[in-house]
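Scroll down for the structure; my scribbles are underneath it.
Residue numbers (full-length UniProt numbering): 1 to 309.
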């Protein structure tokens, strides 16, 4: 930083280094100690302070034995110049933070994507772009799609991987993954030996259903409407894994997408023959949200790699 001063048509410049030297000397009140802290020679420090005093036409220090102390003018100047240094340091921090933001991508996703699909996608993207500076920030997942989209609208995230929850124009949904839906039952359930299932045959039994604020609840309502009726709900939960856990414990039957740990649970997984329905998952972004260069690059990669036309 250079500060330009015009005093009776005499021009000079004060630089940031001089102010930094001044701040250290004002604290130590000793040229030798200040020079050691600044990792410069004492003559260099002396010259910088003398030049500064000449530029502002004021004596900043007076000698006290082997030390120095600030003059009254020096106290005033140091106090105000330290304020300037603090403002400048904050400006530098903001610039550095902006640089970090330009390389950061804030994402959140459904938990069902977190164990396999998403980590693999991120690894493949980083291997292709060869940019070690890109940083993915994993926001704590709110668990279900509606909350993710609300967070996206509040600009808490850059990208969400979730279900489609509405048709408002401010959100762009890119379909990136198709999942089949399965009926799951306890292993000793009357339907457990079926090779496939007509959903109408399941309504005689209580279901573990999804809470109304989840994306999958909306999709299942379409299936139930096609069948002309809705199941009796024994429990309503928000997570796929909660449905699977309750079914395995014998609290009812349920409909879930493919989950990584389904085969480890005490339950049977049965393809749904009617109505045929596939669940789509999406990459969701806010239409008017600023995307960093790193985020733009990742969005383009996902659209190229995963977009379902």
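Virtual Cβ for every residue (Gly too), placed ideally from N, Cα, C.
Practice task
Quick one: using the 10 Å Cβ neighbour count with 16 as the cut-off for buried, is residue 119 buried or exposed?
Solution key: By the neighbour-count rule (16 or more Cβ atoms within 10 Å), residue 119 is not buried but exposed.
Handout entry: Test item: CB-CB of residue 84 and residue 73 under 8 Å
Key = no
Exercise for the section: To the nearest angstrom, report how far apart residue 241 and residue 259 are at their CA atoms. Expected result: 8 Å
Problem - Own chain partners of residue 281 with C-beta closer than 6 Å, once the 5 adjacent residues on each side are dropped - result: Excluding sequence neighbours, residue 281 sits near 177.
Practice task
Check whether the segment 167 to 176 touches the segment 292 to 308, counting contact only when three or more Cβ pairs, one atom from each stretch, lie closer than 8 Å.
Solution key: yes
Exercise for the section: Spell out a yes or no on whether the segment 158 to 167 and the segment 106 to 117 are touching, meaning 3 or more CB-CB pairs, one atom from each, closer than 8 Å. Expected result: yes
Problem - Residues near residue 223 in its chain [Cβ-Cβ closer than 7 Å; skip 5 each side] - result: 199, 275 and 277
Problem - For residue 51, the nearest candidate out of 171, 235 and 21 (CA to CA) - result: 21
Practice task
Indicate whether residue 182 and residue 271 have their beta-carbon atoms separated by less than 8 Å.
Solution key: yes
Problem - the segment 214 to 234 contacting the segment 135 to 146, beta-carbon criterion three pairs below 8 Å - result: yes
Problem - Nearest to residue 243 (by Cα), restricted to the options 229, 227, 225 and 262 - result: 262
Practice task
To the nearest angstrom, report how far apart residue 47 and residue 135 are at their CA atoms.
Solution key: 45 Å
Exercise for the section: On the DSSP bridge assignment, give the partners of residue 209 in chain order. Expected result: 236
Exercise for the section: Confirm, please, whether the CB-CB distance from residue 279 to residue 132 is below 8 Å. Expected result: no
Exercise for the section: Have a look at the DSSP bridge pairing and note the partners of residue 254. Expected result: 184 and 208
Practice task
Could you tell me whether the Cβ atoms of residue 253 and residue 185 are closer together than 8 Å?
Solution key: Residue 185 is positioned such that its CB atom lies closer than 8 Å to that of residue 253.
Problem - Any alpha helix (DSSP H) of 4 or more consecutive residues that is wholly inside the UniProt domain "HTH lysR-type" (14 to 71) - result: 16 to 28, 31 to 38 and 42 to 56
Problem - Per-residue DSSP class, three states only, for residue 224 - result: helix
Practice task
With a threshold of 16 other CB atoms inside 10 Å of the CB of residue 268, please say whether the residue is buried or exposed.
Solution key: buried
Problem - Alpha carbon of residue 7 to alpha carbon of residue 129, nearest angstrom - result: Because residue 7 carries a pLDDT of 42, less than 50, the predicted location of this residue cannot be relied on, and the following value inherits that uncertainty. When rounded, the distance between both Cα atoms is 55 Å.
Exercise for the section: Give the straight-line distance between the Cα atoms of residue 148 and residue 202, rounded to the nearest whole angstrom. Expected result: 31 Å
Exercise for the section: Identify, in the order they occur along the chain, each residue of the same chain with its Cβ nearer than 8 Å to the Cβ of residue 114, setting aside the five sequence neighbours on each side. Expected result: Short of 8 Å from the beta carbon of residue 114, and not among the five residues preceding or following it, lie these beta carbons of its own chain, in chain order: 141.
Exercise for the section: Give me the Cα-Cα distance between residue 187 and residue 206, rounded to the nearest whole angstrom. Expected result: Separation of residue 187 and residue 206 (C-alpha to C-alpha, rounded to the nearest whole angstrom) is 16 Å.
Exercise for the section: Pull up the distance between the alpha-carbon of residue 237 and that of residue 208, whole angstroms please. Expected result: 7 Å
Exercise for the section: Could you give the DSSP three-state label for residue 157: helix, strand or coil? Expected result: coil
Practice task
Going by DSSP, name the residue or residues bridged to residue 137.
Solution key: 106
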